[in-house]
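Asker: Counting with mature numbering (1 follows the signal peptide of the UniProt record, and there is no 0), you get residues -18 to -1, 1 to 317 for the letters of the sequence shown. In this text, a Cβ means the ideal position worked out from N, Cα and C, and glycines have one as well.
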Amino acid sequence: MKLLVGSVLVSLCLSTHAFVLPRPQGALRASSPSRAEPLRMSADQQEGDNQLSRLIGGMLGLLGGAALLVGPVPDAEAISKDYVKSLTYEQVKGTGLANRCTAAEGTGSISISSGGPYEMVDFCMEPKEFTVLEQRTQKRTGKVDKIGLPTKLTTRQTYTLDYMSGPIEVKDGKITWQETDGIDFAPTTVQVGAAERVPFLFTAKDMKVSADKNGATISPGLGLGGEFRVPGYRTGLFLDPKGRGGTTGYDMAVALPGLQSGEEGDEELFKENNKLYQSTTGNIEMEIQNVNPQTGEVSGVFVSQQKSDTDLGAKEPKDILIKGAFYGRIQAKSS
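#1: Please name the residue, chosen from Ala86, Val172 and Asp188, that lies closest to Glu161 on a Cα-to-Cα basis.
#2: Which whole-angstrom value is the C-beta distance of Met146 and Gly205, which I expect to be below 8 angstroms?
#3: Please report how far the alpha carbon of Ile92 lies from the alpha carbon of Ile200, in whole angstroms.
#4: At the level of alpha carbons, what is the spacing between Glu279 and Pro213?
#5: My parser needs the beta strand (DSSP E) runs of 3 or more residues fully inside the region 192 to 279; what are they?
#6: Rounding to the nearest angstrom, what Cα-Cα distance links Gly207 and Gly282 in this structure?
#7: Quick test of your reading: Glu101 and Lys289, contact by CB under 8 angstroms. State the CB separation rounded to the nearest angstrom.
#8: What residue does the beta strand (DSSP E) around Lys291 start on, and which one ends it?
#9: Considering just the uninterrupted stretch of the alpha helix (DSSP H) at Glu111, what are its terminal residues?
#10: Under a Cβ-count criterion, where at least 16 other Cβ atoms within 10 Å of its own Cβ denotes burial, should Ala186 be classed as buried or exposed?
#11: Which residues share a DSSP beta bridge with Gly282?
#12: To which residues of the same chain is Gln271 closer than 7 angstroms at the C-beta, ignoring the five residues directly before and after it?
#13: Could you tell me the distance, in whole angstroms, from the CA atom of Ala193 to the CA atom of Ala86?
Okay, here's the thing in structure tokens:
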């Protein structure tokens, strides 16, 4: 904190040189100044004082804003649920904390074999990295490789899934959890390269995962894996820029029927005109890293893979690889 404030002070003090203007050389070379010159210099001095006052006020405002911004953020990267609850709205506003998942503290274990039915609540998934997977064919060998392309997130800080819930139980000797409710999807867009935008629906809808080993104890190192449903990025009521839609709108775009002779053009325009709502399946793997048996909190990391948007069937979807952190709380299921 002190280092950050010191850096801000140094940068602000150095930036004051841009506001301090040197005295014109012509005034220094004048041998016999007139009576108007002292008045002009006084005006210049007054203007300089005004600029200095405004500069000092701006410095104090920036320092106050920096202190307010940095103050509520803890030194460690992980944040606890109690810490977030202790903050006011003004302390959270504009800091990005509302888009983050909290983390559990501790390395204990939780057994769900006895004590009645349990449920996972407040389940949160925070993406940390998005990668677009692309298949490329080697020219010499003809082998097809799948490579990951780095991306730049263009969506605002509204892409975290939160408040998901669902029953957790031991089924066929393994711990199983299924998502049934919550904020389980978020429209997201990433940029690949200089200009290509890849929209997709980051989701965990109807996610069902099972443990990678038998047992009824949740402890650090436990892995879970399963599938989830990826709904279409657009619904049937969506209209494209040319007024075409799945359930409403034109059947074909204006000025294009001339190409549809029944023999030529239909295959080219079919995908654009025939709007389809497509739902695909995604895969996810999770690993629990922290468990707090007193509060029932669990947290860890996840890796999921899903399809991108197809523009209602007009484009081939891309594979999206998502890495991030998750958090949840296990409690007795309320009747």
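Answerer: Well, looking at it:
#1: Looking up residue 161 in the sequence shown gives position 179. When C-alpha distances from Glu161 are compared across Ala86, Val172 and Asp188, the shortest belongs to Asp188.
#2: For this step, residue 146 is matched to residue 164 along the sequence shown. For this step, residue 205 is matched to residue 223 along the sequence shown. Rounded, the Cβ-Cβ distance is 19 angstroms, inconsistent with contact.
#3: As a first step, residue 92 must be located in the sequence shown, where it is residue number 110. As a first step, residue 200 must be located in the sequence shown, where it is residue number 218. C-alpha separation (whole angstroms): 5 angstroms.
#4: Mapped onto the sequence shown, residue 279 falls at position 297. Mapped onto the sequence shown, residue 213 falls at position 231. Taking the straight line joining both Cα atoms gives about 29 angstroms.
#5: Entirely contained in the region 192 to 279, the beta strand (DSSP E) runs reaching 3 residues are, in chain order, 205 to 212 and 262 to 274.
#6: By one-based count along the sequence shown, residue 207 stands at place 225. By one-based count along the sequence shown, residue 282 stands at place 300. Gly207 and Gly282 have their C-alpha atoms some 13 angstroms from each other.
#7: On the sequence shown, residue 101 is found 119 positions in, with the first residue counted as 1. On the sequence shown, residue 289 is found 307 positions in, with the first residue counted as 1. Going by Cβ atoms, the distance from Glu101 to Lys289 rounds to 29 angstroms, so no, they are not a contact pair.
#8: Counting from 1 along the sequence shown, the entry for residue 291 is found at position 309. As written in the sequence, residue 291 is Asp, which differs from the Lys given in the question. No beta strand (DSSP E) holds Asp291; DSSP gives it neither H nor E.
#9: Against the sequence shown, residue 111 aligns to sequence position 129. Premise fails: Glu111 lies in the beta strand (DSSP E), Tyr100 to Thr119, not in any alpha helix (DSSP H).
#10: Residue 186 sits at position 204 when you count from the first residue of the sequence shown. Looking at its Cβ environment, which holds 16 or more other Cβ atoms inside 10 Å, Ala186 is buried.
#11: In the sequence shown, counting from the first residue as 1, residue 282 sits at position 300. Beta-bridge pairing links Gly282 to Ile270 and Phe308.
#12: The count along the sequence shown starts at 1 and reaches residue 271 at position 289. If you ignore the 5 residues before and after Gln271, its C-beta comes within less than 7 angstroms of the C-beta of Pro202, Ser281, Gly282 and Val283, all in its own chain and listed in chain order.
#13: Reading the sequence shown from its first residue, position 211 is the one you call residue 193. Reading the sequence shown from its first residue, position 104 is the one you call residue 86. Taking C-alpha positions only, Ala193 is separated from Ala86 by approximately 19 angstroms.
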